[in-house]
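Residue numbers (our numbering): 2 to 232. Here's the structure, in structure tokens; my notes come after.
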């Protein structure tokens, strides 16, 4: 890589963090290791990182809680790295704002591949030029260049994937998209997960923009077909 990306590794197991660091630096990344969740938010205020590898079981503050705090202020990709493999834990991690999920024990080569896939997708979306600067949908205002969303004039914090998904639907209103189509457009072919991720993100978006997220009017589920944004 001509311009090195910086990866923050938050992992209390020294052996695992050293493996992550070795493989990532051998692939051209810069890394910084923290062994607990105590000072992460302070660190993020003073240093820039392009992606965070975040363990769940950490001293002082667990990874789920920390991910939620990060998402309120920052949009860089977050990959949860954890021994928890149950689907509930994965869904909970996504609900806290994680972009990806890797279960221990993992193949270090897969870790590097996922880091690269998440960074590439984040950079692609961040640098994508849009024809118009704002989209208005009822009481929702989407500011494309600033990657901000407002409801009734009040800003709502959106992590990267949620914003990308909402923006894609908003610039393609009244069209039904399958989960698989949305997954390919937002996460890309090089992303290692499945289309069920789309459902989790749609639900999170609805909680933020719908007046009644249990009876959504903006993003509608078309049974047996997919999702449609009504404008």
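In this text, a Cβ means the ideal position worked out from N, Cα and C, and glycines have one as well. A quick note: this is a predicted structure, and the numbers were derived from the prediction, not measured.
Inter-residue spacing [alpha-carbon to alpha-carbon] between residue i and residue j
i	j	result
residue 58	residue 38	9 Å
residue 222	residue 66	30 Å
residue 177	residue 204	17 Å
residue 188	residue 52	15 Å
residue 179	residue 120	25 Å
residue 113	residue 22	10 Å
residue 36	residue 199	32 Å
residue 50	residue 124	13 Å
residue 104	residue 175	38 Å
residue 215	residue 25	42 Å
residue 19	residue 13	11 Å
residue 79	residue 122	13 Å
residue 28	residue 115	12 Å
residue 41	residue 83	18 Å
residue 30	residue 54	13 Å
residue 231	residue 139	10 Å
residue 155	residue 142	10 Å
residue 206	residue 110	32 Å
residue 89	residue 173	32 Å
residue 184	residue 162	10 Å
residue 134	residue 150	12 Å
residue 146	residue 71	21 Å
residue 181	residue 229	14 Å
residue 5	residue 99	23 Å
residue 213	residue 75	27 Å
Exposure of residue i, with buried meaning 16 or more beta-carbon neighbours within 10 Å
i	result
residue 197	exposed
residue 91	buried
residue 69	exposed
residue 118	buried
residue 33	exposed
residue 97	buried
residue 1	In the structure displayed, the chain extends from 2 to 232; residue 1 sits before or after that span and is not available.
residue 132	At residue 132 the pLDDT is 47, less than 50, meaning the model places this residue with poor confidence; the figure from the coordinates comes in the next sentence. Exposed: under 16 other Cβ atoms inside 10 Å.
residue 144	exposed
residue 224	exposed
residue 227	buried
residue 220	buried
residue 16	exposed
residue 137	exposed
residue 101	buried
Beta-carbon separation (whole angstroms), residue i vs residue j, contact threshold 8 Å
i	j	result
residue 73	residue 152	Not really, about 16 Å apart at Cβ, beyond 8 Å.
residue 218	residue 211	7 Å
residue 81	residue 64	6 Å
residue 148	residue 164	5 Å
residue 95	residue 201	5 Å
Quick one: any contact between the region 45 to 59 and the region 169 to 176, if contact means 3 or more CB pairs under 8 Å? no
Which full runs of the beta strand (DSSP E) of 3+ residues lie inside the region 58 to 83, going along the chain? As summarised for the region 58 to 83, the continuous beta strand (DSSP E) elements at least 3 residues long and confined to that stretch are 79 to 83, given in chain order.
Could you tell me whether the region 44 to 52 touches the region 8 to 22, using the rule of 3 or more Cβ pairs below 8 Å? yes
Complete alpha helix (DSSP H) runs within the region 162 to 196 (minimum length 4 residues, chain order): 180 to 187
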